[in-house]
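By numbering that gives the first Met the number 0, the letter at position 142 of the sequence shown is numbered 141, and the numbering carries on one by one without gaps.
Ideal Cβ positions, reconstructed from N, Cα and C, are used throughout, including at glycine.
Below you'll find the structure, written out as structure tokens, and then a few comments.
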Amino acid sequence: MKKILLSALAAMAALTASADEGMWLLPLLKSLNADVMAAEGCRLTSEQIYSVNHSSLKDAVVIFGGGCTGEIISDEGLLVTNHHCGYSSIQALSTPEHNYLMDGWWARSREEEIPCPGLKVVFLVSMEDVTDRAAAALAEGGKEALEKFKEDLENSAAASNPGCEAEVESFYSGNVFYLILYKTYDDVRFVGAPPSAIGKFGGDTDNWVWPRHTGDFSMFRVYDENGRPLKPKKSLEISLKGVKENDFTMILGYPGSTQRYQTAAELEMMLASQEISIACRTIRQNVLWKWMEADPVIRLKYADKYADSSNGWKKWQGEKLSFKRLGLLDMKRRDEAAFQRWADSDPDRKAKYGTALQEIAEGAARALDPLCAFQLLYEAPYSIELQQFALMYFYATMQDEPVDEVLAAYKDYDVAVDKEVASVMLKYYQQHAPAVMALDSLGTGFEKFSEIDIDKYVDYLYRESMFTSREKLEKATADTTGLALRLIDDPAVVLSTRVMGYLFSVYPVVTALEKSDASRTYTAGLLEYYGDRPLYPDANFTMRLTYGHVLPYLPKDGLKYAYYTTLEGVMEKEIPGDMEFDVPAKLKQLYAARDYGRYADKKDGKLHLCFITDNDITGGNSGSPVLDADGRLVGLAFDGSWESMSSDVLFEPELTRCICVDIRYVLFCVDKLGGAGYLLKEMKIKK
Ligand code: ARG
């Protein structure tokens with residue numbers, strides 16, 4: 000008896016301790032993952048998750064807005080995603096008078112839902128492995144033939160599937176190819192969101208950190224070609240049961256990019272370029288933050304730009320710390336030495352893979368300086384909005400294209416902010432740019448950039464340029480005679496063409512490494528080296544599934560983090576009037592009355608806000624559905640924890656946690672707080 004118990008316990012321990020690493024390809028679930036998933040608690044078949052012929056869970060999961068994931072939660076096209084995913088669309092609709100972003104908002108009927116120009120939602124139709132044909136094309140006619148094969152296949156697939164777009168995507172660094180069909184909808188309307196004080200509670204201070212208390216969600220509705228709410232093939236059921244420790248969870252979504260198979264040389268290159276971004280963004284963000292704190296109008300204008308900048312900035316700093324703590328570079332070097340020994344120990348392998356690592360290292364050495372130059376240009380002078388407007392306007396005019404996009408951008412522009420950014424960023428660039436890339440003779444009369452008085456130059460730039468306001472621009476371009484010449488003479492166009500010139504000159508060297516054969520060869524070698532162990536490909540913004548469990552963790556010695564947070568934590572963190580930690584009065588009232596309705600946790604009666612799992616996600620997964628063993632929605636993934644920061648390069652099972660908002664908090668915010676309970680009628684809610 001004891002023996003049986005012990006072995007059962009051992010089996011259980013093996014299960015819970017198993018690393019749930021992997022962003023798996025949907026068509027391969029059945030062959031690679033189904034057994035493990037079932038053993039870990041999943042009650043769905045692979046076909047219920049991904050099927051080409053029948054409706055399956057994948058039909059409810061979409062690309063939202065080009066960089067996030069969303070899911071359909073009603074048969075009338077209702078969609079939920081993160082607040083930070085809807086952020087730029089909501090910001091674009093907001094004005095100081097109707098500040099949906101800061102104050103929150105809910106449509107009270109379908110008619111009130113607000114169209115979001117430019118916002119798209121994309122459904123996955125099917126994925127087909129076309130590796131054999133791609134490999135044949137490559138073997139026959141090299142890279143050009145491969146490119147031609149891809150283009151032809153995309154064209155013919157799109158032609159035989161009207162209404163669909165086709166893409167041939169490469170996986171495992173060009174060793175596997177899939178033809179992927181998508182269907183896009185571009186009538187997407189804003190349904191509602193909580194105020195930023197809930198949707199972004201904790202702001203950038205809490206970003207990338209657990210414990211978290213953010214209601215990071217927003218809702219939209221997809222409309223079909225006839226302007227009617229979309230009838231989807233599949234919509235998700237919602238579970239009000241909540242999660243508990245060790246519960247099985249799976250996440251379907253669009254992880255953007257990981258570098259799990261990159262070499263030490265590539266990692267060093269990545270770190271060097273991130274270092275430049277961190278330094279530049281620190282300076283720029285300090286300027287933006289100062290203005291945003293002082294003026295609510297500027298706060299709204301720059302909210303999205305700031306969040307975008309700061310998200311990467313903080314992530315890279317966390318990555319650097321994690322890599323160091325894990326000794327990642329040394330770990331990589333040891334793994335590579337072992338791979339090299341394995342390759343060299345067999346003549347065939349040596350012929351195939353023997354020089355791949357060295358070629359990658361040489362390519363990285365060649366790309367390092369150009370990459371750093373690119374990054375410095377991009378983060379410093381290119382971040383000046385005035386020159387971005389000039390560039391966009393100039394190219395659009397030269398190509399006879401509409402300039403609406405530039406004109407619209409002025410809604411979120413403040414010239415005083417931008418002028419200060421220009422001053423600090425150009426000074427930084429002047430100090431750090433290699434001499435050959437000095438932006439000399441900018442029309443200021445000085446010969447050398449190193450001798451330019453930046454403040455005088457910036458005064459001149461913002462005095463003389465026609466791009467400092469929409470009014471000035473429209474006035475200057477009302478008469479189109481001689482416009483091209485006047486544009487060429489505009490100091491912002493002069494600056495922007497110079498910046499672009501340098502960007503273009505270094506770009507090919509930067510991308511040469513990515514395009515080289517060495518990575519493909521090395522990855523093919525790794526696939527052989529690891530043999531039977533199933534390997535998933537790096538993320539590339541195609542739909543993936545990750546499975547795992549609800550789990551606490553030990554962030555440091557002697558400290559344990561619970562797997563969930565509650566509303567109490569919001570009250571603990573409150574700082575009245577603060578830009579990040581203010582708490583809405585209505586939320587405090589509901590808290591004081593403990594008025595959580597059916598969204599309270601059955602066991603402790605509290606309102607649970609967020610929970611963590613060891614699912615394997617990255618940027619792009621934001622907004623992804625977190626599903627229970629029956630495929631019901633229990634939360635939305637929205638972040639990774641500070642101790643997880645290595646995970647784009649190395650998944651560390653003890654520390655990597657995905658942060659999710661509990662669906663019960665989402666519905667509480669819609670219903671109790673937002674007064675939009677009518678929306679729940681179209682959802683399929685299971686108690
Ligand atoms: N870290 C999250 C991600 O990359 C974004 C969170 C946005 N929130 C914020 N405070 N900036 O998906």
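Problem - Helix, strand or coil at D489 according to DSSP, with G and I counted as helix - result: On the sequence shown, residue 489 is found 490 positions in, with the first residue counted as 1. Residue state, collapsed to three classes: coil.
Exercise for the section: Could you have a look at L534 and say whether DSSP puts it in helix, strand or coil? Expected result: Your numbering for residue 534 matches position 535 in the sequence shown. If DSSP states are grouped into helix, strand and coil, L534 belongs with coil.
Problem - S87: first and last residue of the uninterrupted alpha helix (DSSP H) it sits in - result: Taking the first residue of the sequence shown as 1, we reach residue 87 at position 88. S87 -> alpha helix (DSSP H) spans 82-92.
Exercise for the section: Check the C-beta distance from H83 over to F637 and give it rounded, since I have them as a contact under 8 Å. Expected result: Here residue 83 refers to the residue found at position 84 of the sequence shown. Here residue 637 refers to the residue found at position 638 of the sequence shown. Contact flag correct, Cβ pair sits at about 7 Å.
Problem - Collapsed DSSP secondary structure at E681 in the structure displayed - result: Numbered from 1 along the sequence shown, position 682 holds the residue referred to as residue 681. Three-state DSSP puts E681 in a helix.
Practice task
Would you identify the three-state DSSP class for Y528, choosing helix, strand or coil?
Solution key: Within the sequence shown, residue 528 is the residue found at index 529, counting from 1. Helix, per DSSP.
Problem - Residue interval of the alpha helix (DSSP H) (run including P369) - result: Stepping through the sequence shown from its first residue, residue 369 is reached at position 370. P369 -> alpha helix (DSSP H) spans 355-378.
Practice task
Within the same chain, show all residues whose beta-carbon is closer than 8 Å to that of A363, passing over the 5 residues directly before and after it, in chain order.
Solution key: Along the sequence shown, one-based indexing puts residue 363 at 364. The answer, listed in chain order, is T262, A264, E265, E267, M268, L512.
Problem - Environment of R532 [buried if 16+ CB atoms lie within 10 Å] - result: The residue labelled residue 532 in the question sits at position 533 within the sequence shown. Result: exposed.
Exercise for the section: Report yes or no: do three or more beta-carbon pairs, one from the segment 550-570 and one from the segment 367-381, lie closer than 8 Å? Expected result: no
Practice task
Would you kindly work out how many angstroms separate the C-alpha atoms of T354 and L526, rounded to a whole number?
Solution key: Locating residue 354 in the sequence shown gives position 355, where the first residue counts as 1. Locating residue 526 in the sequence shown gives position 527, where the first residue counts as 1. Cα to Cα, T354 sits roughly 16 Å from L526.
Exercise for the section: Give a single yes or no on whether H83 has its beta carbon closer than 7 Å to a heavy atom of ligand 1. Expected result: The sequence position of residue 83 within the sequence shown is 84, counting from 1. H83 Cβ: within cutoff of ligand 1.
Exercise for the section: Using a threshold of 8 Å, state whether the C-beta atoms of S276 and E378 are closer than that. Expected result: Walking along the sequence shown from the start, residue 276 turns up at place 277. Walking along the sequence shown from the start, residue 378 turns up at place 379. Contact: yes.
Handout entry: Beta-carbon gap between A156 and L178 smaller than 8 Å
Key = Start at 1 with the first residue of the sequence shown, and residue 156 comes out as number 157. Start at 1 with the first residue of the sequence shown, and residue 178 comes out as number 179. Taking 8 Å as the Cβ cut-off, A156 and L178 qualify as a contacting pair.
Problem - Helix, strand or coil at R555 according to DSSP, with G and I counted as helix - result: Along the sequence shown, read from residue 1 onward, the residue named residue 555 stands at position 556. The residue you asked about is not Arg; residue 555 is Lys in the sequence shown. If DSSP states are grouped into helix, strand and coil, K555 belongs with the strands.
Practice task
Could you give the DSSP three-state label for Y412: helix, strand or coil?
Solution key: On the sequence shown, position 413 is the one that residue 412 refers to. Coil.
Exercise for the section: Spatial neighbours of L553 within its chain, please: CB distance less than 6 Å, with the 5 preceding and 5 following residues excluded, ordered by chain position. Expected result: Within the sequence shown, residue 553 is the residue found at index 554, counting from 1. Contacts found: K559.
Problem - Beta-carbon gap between S234 and A106 smaller than 8 Å - result: What you label residue 234 is simply residue 235 of the sequence shown in a count that begins at 1. What you label residue 106 is simply residue 107 of the sequence shown in a count that begins at 1. Cβ distance not < 8 Å, so S234 and A106 don't count as in contact.
Exercise for the section: Hey, could you find the ends of the alpha helix (DSSP H) S279 is sitting in? Expected result: By 1-based counting over the sequence shown, the position of residue 279 is 280. A small correction: the amino acid at residue 279 is Cys; Ser does not occupy that position in the sequence shown. It spans 263-293 - the alpha helix (DSSP H) in which C279 sits, taken as one unbroken run.
Problem - G202 Cβ short of 7 Å to ligand 1 heavy atom set - result: As a first step, residue 202 must be located in the sequence shown, where it is residue number 203. Yes, Cβ of G202 sits closer than 7 Å to a heavy atom of ligand 1.
Handout entry: Contact the segment 243-258 vs the segment 603-620: 3+ CB pairs below 8 Å
Key = yes
Handout entry: Endpoints, alpha helix (DSSP H) assigned at D334
Key = Here residue 334 corresponds to residue number 335 of the sequence shown, with the count starting at 1. From DSSP, the alpha helix (DSSP H) with D334 extends over 327-343.
Handout entry: ligand 1 heavy atom lying under 7 Å from the CB of W207
Key = On the sequence shown, residue 207 is found 208 positions in, with the first residue counted as 1. Because some heavy atom of ligand 1 lies under 7 Å away, the Cβ of W207 counts as near it: yes.
Practice task
Consider the C-beta atom of S309 and the heavy atoms of ligand 1; say whether any pair is separated by less than 7 Å.
Solution key: Here residue 309 refers to the residue found at position 310 of the sequence shown. Result yes, Cβ under 7 Å from ligand 1.
Practice task
To the nearest angstrom, report how far apart V582 and F667 are at their CA atoms.
Solution key: Counting from one through the sequence shown, the residue named residue 582 turns up at place 583. Counting from one through the sequence shown, the residue named residue 667 turns up at place 668. Their backbone Cα atoms lie some 16 Å apart in a straight line.
Handout entry: V221 burial status per 10 Å Cβ neighbour count (16 or more: buried)
Key = Against the sequence shown, residue 221 aligns to sequence position 222. So V221 counts as buried.
Exercise for the section: Using the Cα positions of N154 and K57, report the straight-line distance between them to the nearest angstrom. Expected result: Looking up residue 154 in the sequence shown gives position 155. Looking up residue 57 in the sequence shown gives position 58. Computed Cα separation, rounded: 24 Å.
Practice task
Alpha carbon to alpha carbon, how far is K314 from F322? Give it in angstroms, no decimals.
Solution key: Position 323 of the sequence shown, counted from the start, is the residue given in the question as residue 322. Position 315 of the sequence shown, counted from the start, is the residue given in the question as residue 314. Approximately 12 Å, taken between the alpha carbons.
Practice task
For L460, name the three-state secondary structure that DSSP assigns.
Solution key: The residue labelled residue 460 in the question sits at position 461 within the sequence shown. DSSP places L460 in helix when its eight states are reduced to three.
Problem - Where I658 falls: helix, strand or coil (DSSP) - result: Position 659 of the sequence shown, counted from the start, is the residue given in the question as residue 658. I658: strand per DSSP, three-state reduction.
Problem - Own chain partners of T281 with C-beta closer than 8 Å, once the 5 adjacent residues on each side are dropped - result: Within the sequence shown, numbered from 1, the residue matching residue 281 stands at position 282. Cβ neighbours of T281 beyond the five flanking positions: W312.
Handout entry: Supposed contact pair W104 and A196 - C-beta distance, whole angstroms, cut 8 Å
Key = One-based indexing of the sequence shown puts residue 196 at position 197. One-based indexing of the sequence shown puts residue 104 at position 105. Going by Cβ atoms, the distance from A196 to W104 rounds to 13 Å, so no, they are not a contact pair.
Exercise for the section: Determine which residues share a DSSP beta bridge with Y546 and list them. Expected result: Taking the sequence shown and counting its residues from 1, the one referred to as residue 546 is at position 547. DSSP, once it has assigned bridges, lists M249 as partnering Y546.
Exercise for the section: Rounded to whole angstroms, what's the CA-CA distance from P624 to A395? Just pull it up for me. Expected result: Looking up residue 624 in the sequence shown gives position 625. Looking up residue 395 in the sequence shown gives position 396. Roughly 39 Å between the two C-alpha positions.
Exercise for the section: May I ask whether a heavy atom of ligand 1 can be found less than 7 Å away from the beta carbon of A196? Expected result: One-based indexing of the sequence shown puts residue 196 at position 197. Result no, Cβ not under 7 Å from ligand 1.
Exercise for the section: Report the partner residues of G191 according to the DSSP bridge assignment. Expected result: The residue labelled residue 191 in the question sits at position 192 within the sequence shown. DSSP lists W105, M218 as partners of G191.
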